[in-house]
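These notes concern the structure reproduced below.
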Amino acid sequence: MKDQANFWMSKQEQRHYQIRKSYSYGMHTALVVATLLVLAPLCSILGYVIFKGAPGFNLDFFTQLPKPVGESGGGMANAILGSFTLIGLAALVGIPWGLGVGLYLSEYGKQRSLFTNIVRFSIDTLASLPSIIIGLFIYAAVVRSMGRFSAIAGGLALSLLMVPIIARTSEELLSMIPMHTREAGLALGLPRWKVILWIILKGSLAPLSTGVILALARIAGETAPLLFTAFNNQYWQSGLDQPIASIPAQIFNYATSPFDDWHNQAWTAAFLLVIIVMLLNLTTKFILRTRRA
Numbered sequence: 000m001k002d003q004a005n006f007w008m009s010k011q012e013q014r015h016y017q018i019r020k021s022y023s024y025g026m027h028t029a030l031v032v033a034t035l036l037v038l039a040p041l042c043s044i045l046g047y048v049i050f051k052g053a054p055g056f057n058l059d060f061f062t063q064l065p066k067p068v069g070e071s072g073g074g075m076a077n078a079i080l081g082s083f084t085l086i087g088l089a090a091l092v093g094i095p096w097g098l099g100v101g102l103y104l105s106e107y108g109k110q111r112s113l114f115t116n117i118v119r120f121s122i123d124t125l126a127s128l129p130s131i132i133i134g135l136f137i138y139a140a141v142v143r144s145m146g147r148f149s150a151i152a153g154g155l156a157l158s159l160l161m162v163p164i165i166a167r168t169s170e171e172l173l174s175m176i177p178m179h180t181r182e183a184g185l186a187l188g189l190p191r192w193k194v195i196l197w198i199i200l201k202g203s204l205a206p207l208s209t210g211v212i213l214a215l216a217r218i219a220g221e222t223a224p225l226l227f228t229a230f231n232n233q234y235w236q237s238g239l240d241q242p243i244a245s246i247p248a249q250i251f252n253y254a255t256s257p258f259d260d261w262h263n264q265a266w267t268a269a270f271l272l273v274i275i276v277m278l279l280n281l282t283t284k285f286i287l288r289t290r291r292a
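Under numbering that gives the first Met the number 0, the final residue of the sequence shown carries the number 292; numbering is consecutive throughout.
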């Protein structure tokens with residue numbers, strides 16, 4: 000069939016066909032190469048982190064405190080608990096704050112008033128700020144006023160990183176809800192705030208959770224803000240108003256030390272951090288796939 004089709008094609012048409020076919024193969028090859036160039040660094044980093052960090056995975060790493068220099072063993076139980084504490088504090092502040100901004104922009108920001116334009120510009124600017132700037136701001140506003148580093152300051156710094164991500168994703172997702180859904184609620188005599196909370200927000204919890212999980216993955220590995228706010232702690236946390244350990248800060252301290260035992264602990268902690276971030280991203284993918292299905 001192919002030879003018969005080529006027989007009825009003129010020489011000029013065959014030449015154009017071969018040129019188009021060559022272009023198609025060339026573009027396909029270029030896309031494959033570009034994909035491999037993206038995957039190569041990621042696979043290299045993951046492979047090296049697994050190679051260096053996986054041997055240190057044991058029960059002591061999750062249950063014991065760090066050992067002093069010269070003593071083998073020990074773990075990062077305080078840093079693991081501290082990271083989840085900081086993420087929990089950040090979520091407690093950042094999720095309602097970000098969802099509130101996203102709800103306002105999606106429901107009341109369509110008029111493009113001066114105030115909504117300022118809010119959108121502020122959200123975009125906050126999202127583009129380096130995390131170390133946010134850490135310095137919380138240091139000046141909270142740490143210096145309290146007179147000490149604390150988990151509260153660290154949670155506030157991380158919450159500021161969460162707000163723009165949640166606000167923008169929630170605004171985009173809520174704007175996709177058809178207008179007749181809102182009109183149906185208003186036609187039943189419901190106040191607008193009840194329509195927003197009990198119809199729009201409640202009916203969009205699954206897609207909104209994807210933006211929340213992405214924000215949590217974003218802050219899970221942040222180090223710079225915590226160095227200025229939560230600092231670090233080699234022992235168990237004694238209160239939210241005291242310095243607290245975290246996995247990223249512990250990795251920074253151990254990786255910059257001259258001790259081989261601490262270097263191995265840093266690689267194991269980096270491996271754990273990669274696992275946490277990957278699990279959060281896979282959860283997002285699962286929610287999105289379940290929603291499409």
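A virtual CB, placed ideally from N, CA and C, is assigned to each residue, including glycine.
| query | result |
| --- | --- |
| Between the CA atoms of Leu200 and Leu207 - distance to the nearest angstrom | 9 Å |
| Cβ pair count under 8 Å reaching 3, the segment 174-189 against the segment 144-156 | no |
| Cβ neighbours of Asp240 in the same chain (closer than 8 Å, five flanking residues each side left out) | Met145, Arg147, Ser149, Ala150 and Ile151 |
| Inter-residue spacing [alpha-carbon to alpha-carbon] between Ser245 and Leu80 | 8 Å |
| Where Gln241 sits in the DSSP three-state scheme | coil |
| Phe148 - DSSP class collapsed to helix/strand/coil | coil |
| Selection from Leu159, Gly134 and Leu102 that minimises the alpha carbon distance to Met175 | Leu102 |
| Complete alpha helix (DSSP H) runs within the segment 173-222 (minimum length 4 residues, chain order) | 178-186 and 204-219 |
| Alpha carbon of Ser105 to alpha carbon of Leu35, nearest angstrom | 39 Å |
| For Val273 and Ala216, believed in contact at Cβ under 8 Å, the rounded distance | About 11 Å; that fails the 8 Å criterion. |
| Ala166 to Pro129 span [Cα, whole Å] | 18 Å |
| Option nearest Gly72 by Cα separation, candidates Thr283, Thr267 and Arg288 | Thr267 |
| Three-state secondary structure assigned by DSSP to Gly312 | Any property of residue 312 remains undetermined from this structure, which presents the chain solely from 0 to 292. |
| Gln3 to Thr28 span [Cα, whole Å] | At Gln3, the pLDDT of 49 sits below 50, so the modelled position is not reliable and the matter cannot be decided from this model. |
| Secondary structure of Gly87, DSSP reduced to three states | helix |
| Counted within 10 angstroms of its Cβ, other Cβ atoms place Gly210 as buried (16 or more) or exposed | buried |
| Limits of the unbroken alpha helix (DSSP H) element including Leu128 | It is not in any alpha helix (DSSP H) - Leu128 carries neither H nor E in the DSSP assignment. |
| Per-residue burial, Ala219 [other beta carbons within 10 Å of its own, 16 or more giving buried] | buried |
| Cβ pair Ile131, Pro224 closer than 8 Å | yes |
| Val68 classed as buried or exposed, judged by whether at least 16 other C-beta atoms fall within 10 angstroms | exposed |
| Met161 versus Gln63 - alpha carbon distance | 31 Å |
| Cβ neighbour criterion (16 or more within 10 Å) applied to Ser82 | buried |
| Local Cβ density within 10 Å of Gln13, reported as buried at 16 or more and exposed below that | exposed |
| Neighbourhood of Arg119 by C-beta distance below 8 Å, restricted to the same chain and skipping five residues each side | Leu104 and Gly108 |
| Three-state class that DSSP yields for Asn77 in the structure shown | helix |
| Neighbour flag for Leu58 against chain C, beta carbons, 8 Å | The structure shown contains no chain C; it is built from a single protein chain. |
| Option nearest Gly134 by Cα separation, candidates Ala265, Asn116, Ile122 and Ser158 | Ser158 |
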